Amino acid sequence: MSFNNNARLDSSRVSDRRGKGKGIAVGGGLGGGLLLILSLFFGSDVIDGLGLSDGSGVAAGEAQSESIDTCLNGQDANERLDCRILGTAESLDSFWEPYLDGYGLTYTEPGVVLFTDRTTSGCGTATSAVGPFYCPADEQTYYDTAFFSDLVTNYGSSGGPLAQEYVVAHEFGHHIQQITGSSAGRNADPQGADSASVRTELQADCYAGLWARHAADQPAPGSDVPFLAPFTEADISDALSAASAIGDDRIQASATGQVNPESWTHGSSAQRQAWFLSGYNDGGSLETCDTFSAADLSRP
Numbered sequence: 025m026s027f028n029n030n031a032r033l034d035s036s037r038v039s040d041r042r043g044k045g046k047g048i049a050v051g052g053g054l055g056g057g058l059l060l061i062l063s064l065f066f067g068s069d070v071i072d073g074l075g076l077s078d079g080s081g082v083a084a085g086e087a088q089s090e091s092i093d094t095c096l097n098g099q100d101a102n103e104r105l106d107c108r109i110l111g112t113a114e115s116l117d118s119f120w121e122p123y124l125d126g127y128g129l130t131y132t133e134p135g136v137v138l139f140t141d142r143t144t145s146g147c148g149t150a151t152s153a154v155g156p157f158y159c160p161a162d163e164q165t166y167y168d169t170a171f172f173s174d175l176v177t178n179y180g181s182s183g184g185p186l187a188q189e190y191v192v193a194h195e196f197g198h199h200i201q202q203i204t205g206s207s208a209g210r211n212a213d214p215q216g217a218d219s220a221s222v223r224t225e226l227q228a229d230c231y232a233g234l235w236a237r238h239a240a241d242q243p244a245p246g247s248d249v250p251f252l253a254p255f256t257e258a259d260i261s262d263a264l265s266a267a268s269a270i271g272d273d274r275i276q277a278s279a280t281g282q283v284n285p286e287s288w289t290h291g292s293s294a295q296r297q298a299w300f301l302s303g304y305n306d307g308g309s310l311e312t313c314d315t316f317s318a319a320d321l322s323r324p
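Take 25 as the starting number for the sequence shown in our numbering and just add one per residue.
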């Protein structure tokens, strides 16, 4: 998926903390720390043995990024990951604000923070080990950009743009849950194949698909040009590749050679793909993404 070259970006939408962190990165994750959770269950030696970080916090071949202030338009978003995160955030804003207004809900923009190695958040100190995450306490999303290289080299995802944009859209999905109140019970039921935690994560995947369904139709504020060009089949394959790469079953099998659904927190690869597609193919309403009422999470 490509950004329209003339789409204007507003760099003030992102807080750029890269190069200001301290400490050593120990891996990558998604949605609040899949690998951190695995390390708690299986021990840090298992996670370290996967070789998910070179200890520098910067993925191999990743050069020091330019300032976010130089992200000016869609062409920059097509060429640079940090600009792509910025553009995706603005596209998500342009979709969710009018969409939620149709439900009588007020959309507030979640913060977007780029960091290197470690940073502080309203949920405490965060390192690269937790990967991209949303903190409900300060209503901000956080991204160590090195994760997106890990997504390809260590998780086996494709490197296409929508694979990266899906990650951002998933974290924004948690902010939508904060607005609607749909994830209020996840802490009381934090793990298991049918848990509230899994249902919360799958709903965020579905919300990512819902955005993707409409992204190319929603013009940027003050413009008649959308941020994003229409999808191709390859774009959808990229998103599904990312969703599959970070399924609980796939990560557990890679880490331990076994799959234990009783410790799932995010859902299987097949479930994550299915719920993204449900939002994308059937996303006419928020009810499409009601994972909490689904009797069978494998069948949206």
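Ideal Cβ positions, reconstructed from N, Cα and C, are used throughout, including at glycine.
Just so we're clear, the structure is a prediction, and the values are computed from it rather than from any experiment.
(message) By alpha-carbon positions, which one of 99, 294, 226 and 243 ends up nearest to residue 26?
(response) 99
Query raised in the report: Thinking just about the alpha-carbon of each residue, which of 300, 157, 142 and 161 is nearest to the one in residue 151?
Result: 142
Could you spell out the range, first to last residue, of the alpha helix (DSSP H) harbouring residue 107?
105-125
query = With DSSP run on the structure shown, which of helix, strand or coil describes residue 318?
reply = coil
In its own chain, which residues sit with a C-beta less than 6 Å from the C-beta of residue 201, not counting the 5 before and 5 after it?
-> 207
Own chain partners of residue 111 with C-beta closer than 6 Å, once the 5 adjacent residues on each side are dropped:
27, 33, 101 and 251
Q. What does a CB cutoff of less than 6 Å around residue 107 pick up in its chain, not counting 5 residues either side in sequence?
A. 95, 100 and 101
inquiry  = So, with DSSP's three-state summary, where would you put residue 237?
reply    = helix
*In the region 133-218, which residue ranges form an unbroken alpha helix (DSSP H) of at least 4 residues, counting only runs that do not cross its ends?*
170-177 and 185-204
In the DSSP output, what is residue 32 paired with across the bridge? 97
Subject >> Backbone CA spacing between residue 212 and residue 221 [nearest angstrom] >> reply: 9 Å
- Rounded to the nearest angstrom, how far is the Cβ of residue 173 from that of residue 266, given a contact under 8 Å? Incorrect: roughly 13 Å between the Cβ atoms, too far for contact.
* **Given residue 240 as reference, the closest of 229, 215 and 114 once Cα atoms are compared** => 114
task: Round the Cβ separation of residue 169 and residue 138 to the nearest angstrom and send it over; I've been treating them as touching at under 8 Å.
output: 6 Å
Fill in: Run of the alpha helix (DSSP H) containing residue 270, from where it starts to where it stops
Premise fails: residue 270 is in no alpha helix (DSSP H) and is neither H nor E.
Open item on the list: Tell me the rounded alpha-carbon separation between residue 298 and residue 189.
Closed with: 17 Å
- Message: Measuring straight from C-alpha to C-alpha, what distance separates residue 292 and residue 269?
- Response: 10 Å
Query raised in the report: So what's residue 226 in DSSP terms, helix, strand or just coil?
Result: helix
* Grouping DSSP H, G and I as helix and E and B as strand, with all else coil, what is residue 43? -> coil
- prompt: Between residue 313 and residue 242, is the Cβ-Cβ spacing less than 8 Å?
  reply: no
- prompt: Mind checking whether residue 302 and residue 324 have CB atoms under 8 Å apart?
  reply: yes
Proximity to residue 325 [Cα-Cα], best of 237, 249, 248 and 246: The displayed coordinates of the chain run from 25 to 324. Any statement about residue 325 would go beyond what the structure contains.
Legend entry - Delimiting residues of the alpha helix (DSSP H) encompassing residue 300: 293-306
- [ ] Put residue 58 into one of helix, strand or coil per three-state DSSP.
- [x] Because the pLDDT at residue 58 is just 44, under 50, the model does not fix this residue reliably, and the value given afterwards should be weighed accordingly. In this structure, residue 58 counts as helix in the three-state DSSP scheme.
In the structure shown, what three-state DSSP assignment does residue 68 receive?
-> Confidence at residue 68 is low in this model, with a pLDDT of 34, below 50, so the placement of that residue should be treated as unreliable; the coordinate-derived value is given next. Residue 68: helix per DSSP, three-state reduction.
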